[in-house]
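Protein chains in written order, with our numbering: chain A, 1 to 532; chain B, 1001 to 1142.
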């Protein structure tokens, strides 16, 4: 993780849409002394086919391991440049898009210096983020102080990484992608591609644990005012809270009033994300306590449908109310609305169910949309491992209570938020269950097979040898029995597929557990009691 | 509760042969997700569809079933790489036996159903049930 990165940074003119207001050469020069930025270039149109080819060429020829494009909104071209990375055999998630058009040049056409400085800051932030991409830790690694001990996410991850380092039986591959799986339960052969390189690492594994996590819900433009200045998602808000000290500010201005709108992107009507993400109430309440601890005078309004701070998180809910947070419950069918006010604030209008459906309008400096979890896009892995996906898009275990981390694919376990929304401690619990289950399989040292193998009725066998030729496992051989050549099946070698059963013209082969008599009796019994 | 069969008069009885490792988990998933199909569809699981005897299929029709559906593994079978070809041969042989008994070959269908093919399975069952309802019950010699 300490190894030197090789990043490519491309700053787009957008034919003047950016470069008329942002000094793109200055942005480029900001990286000339960064040894980890191997390529820094400006380009007339980053999205043009020719430029995309140049990027691919640079990635391959200069062995880049990360890509940053400063251009328009990721909503427009994130997929385009993830595609560029993918075509250059670079992990598409080693790509970061920086929005220096909608959020710099166009927003500040009246302030070229300000727009340029802001753009440099945004691109620096993206470069810093990309450099850290292959670290272990996921979402947790980016969290500040956590409940209940105040340890930061990074500290917690660092402790675990240090412990992993002391155990020689654990090998960590970051920026690695599973590209193939063959073999069978207890004896899988996997191929892993690291840093997008051509050659793959082949490993024999007994079990596989999938813990690929979640993505945060991205509101649609205009959904609860998303896209307006001052309207943030929960992860965006948490990042601001965790990256600063003292009284909270937003874009240089002190934050006096915050309105939280709960259940954004979750508990939607049929056809949407109908589930509850479980962690978001607690995470929001916790963030509001952090804000209040830094500045007790901040007004905080929590607009919710229910508060689900279950278990010990209830203590945080109490503390937040004691610190002055106000909780307003709105009816399920009447969500709040967010609008800009004449004085440049944002205002939330909500129907307060607990005061006789009175309509209240709250002017705020910040509106935080409490966004829940959504399944991560991971279709390659899903199809590679044949992982079962539920109606909500998360991976399905065999049974949530009885076999909570096993999948229908023998030896392949799932853990954490890839199974469905979970709090951090619930993810840890499912992770422990998955490794315990894996250890149970591995420490046994062998995989038990069913004794349900094929057998030959030697009296009926005519020794035609058709079955011998049909078995791909060479489980059938000819022996001499009472002077006649007959087929014999090795119980140790037979896989129990039954493929030889219908091949035998004499009906001399039976698969134990599925014999001719058993199958016929079962079929007859299905219809024995007619539906009346 | 009154079953669908009682309400509509005829609900075809379908026997599905599934495979332990691949199509049966897919059929389980349909149930786990509460995706509905006719209750007159019953499944019998075997290790591999290549092990089905054509005679068993005929026996199913003789026992009063109106349709047989083989939910095979396709290319995914861990036991036999040529599973799909072997199963196709079994289907052809069963079709011959069925013709000899005056049974319409459409009453036997085969399709690959994978371990996550919950929706495709339910759709197959709806389509097959509809087709068999149109065809009516098996009329076979005693």
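In this text, a Cβ means the ideal position worked out from N, Cα and C, and glycines have one as well.
- Neighbours of residue 524 (chain A) in chain B, taken as residues whose beta carbon is under 8 angstroms from its own, are 1059, 1063 in chain order.
- The contact set of residue 1116 (chain B) on chain A, defined by CB atoms closer than 7 angstroms, consists of 386, 388, 389 in chain order.
- Your pair residue 1103 (chain B) and residue 1061 (chain B) checks out as a contact, with CB atoms roughly 6 angstroms apart and the cut at 8 angstroms.
- Between residue 325 (chain A) and residue 302 (chain A) a beta carbon distance of about 6 angstroms is seen, short of the 8 angstroms cut, so the two are scored as contacting.
- For residue 184 (chain A), the C-beta contacts it makes with chain B under 9 angstroms involve 1078, in order along the chain.
- Annotation for residue 337 (chain A): the continuous beta strand (DSSP E) segment containing it runs 337-340.
- At a cut-off of 9 angstroms, the C-beta of residue 527 (chain A) has a neighbouring C-beta in chain B.
- Residue nearest to residue 1048 (chain B) within the set B:1020, B:1129, B:1091 is B:1020 (criterion: CA-CA distance).
- Using beta-carbon distances, residue 472 (chain A) counts as an interface residue toward chain B, with a partner under 9 angstroms.
- Here DSSP, grouped into helix, strand and coil, assigns residue 1009 (chain B) to coil.
- Judged by DSSP secondary structure, residue 193 (chain A) falls within the beta strand (DSSP E) whose first and last residues are 187-194.
- Proximity of residue 495 (chain A) to chain B, defined by a Cβ-Cβ separation below 9 angstroms, is satisfied.
- Looking at the DSSP output, residue 99 (chain A) shares a beta bridge with A:71.
- Partner residues in the beta bridge of residue 9 (chain A), as assigned by DSSP, are A:40, A:68.
- For residue 332 (chain A), none of the residues of chain B pass the 8 angstroms Cβ criterion, the least Cβ distance being about 23 angstroms.
- Nearest CB-CB separation between residue 126 (chain A) and chain B: not below the 9 angstroms threshold.
- With a threshold of 16 other beta carbon atoms within 10 Å, residue 1087 (chain B) meets it and is buried.
- One finds 502 in chain A with Cβ atoms closer than 7 angstroms to the Cβ of residue 1090 (chain B), taken in chain order.
- Every alpha helix (DSSP H) stretch that sits fully inside the stretch 82-137 of chain A and reaches 4 residues is listed by chain position as 112-131.
- For residue 1018 (chain B), DSSP records a beta bridge to B:1045.
- Taking 8 angstroms as the cut-off between beta carbons, the residues of the stretch 1028-1050 of chain B near chain A are 1028, 1029, 1032, 1033, 1040, 1042, 1044, 1046, 1047, 1048, 1050, in sequence order.
- The stretch 342-351 of chain A makes contact with the stretch 220-238 of chain A, as at least three CB pairs between them are under 8 angstroms.
- Every alpha helix (DSSP H) stretch that sits fully inside the stretch 410-497 of chain A and reaches 4 residues is listed by chain position as 424-444, 466-470.
- Annotation for residue 254 (chain A): 247 place their beta carbon closer than 7 angstroms to its own, counting only its chain and skipping 5 residues before and after.
- Residue contact with chain B for residue 410 (chain A): present (Cβ-Cβ distance below 9 angstroms to some residue of chain B).
- Secondary structure note for residue 304 (chain A): its beta strand (DSSP E) is the uninterrupted segment 299-304.
- With a 10 Å radius around the Cβ and a threshold of 16 neighbouring Cβ atoms, residue 286 (chain A) comes out buried.
- When secondary structure is reduced to three states using DSSP, residue 149 (chain A) falls in the coil class, being assigned neither helix nor strand.
- Rounded to the nearest angstrom, the gap between the Cα atoms of residue 78 (chain A) and residue 1039 (chain B) is 47 angstroms.
- When only Cα atoms are considered, residue 71 (chain A) and residue 36 (chain A) end up about 21 angstroms apart.
- Between residue 1132 (chain B) and chain A, the shortest Cβ-Cβ separation is not below 9 angstroms.
- By the neighbour-count criterion, in which 16 or more other beta carbons inside 10 Å mark a residue as buried, residue 159 (chain A) falls on the exposed side.
- In this structure, DSSP gives residue 399 (chain A) an extended state, which the three-state scheme calls strand.
- Taking C-beta atoms as the reference points, residue 1080 (chain B) and residue 1044 (chain B) fail to come closer than 9 angstroms.
- For residue 1021 (chain B), the nearest CB of chain A lies under 9 angstroms from its own CB, placing it at the interface with that chain.
- With a threshold of 9 angstroms between beta carbons, residue 1053 (chain B) makes contact with chain A.
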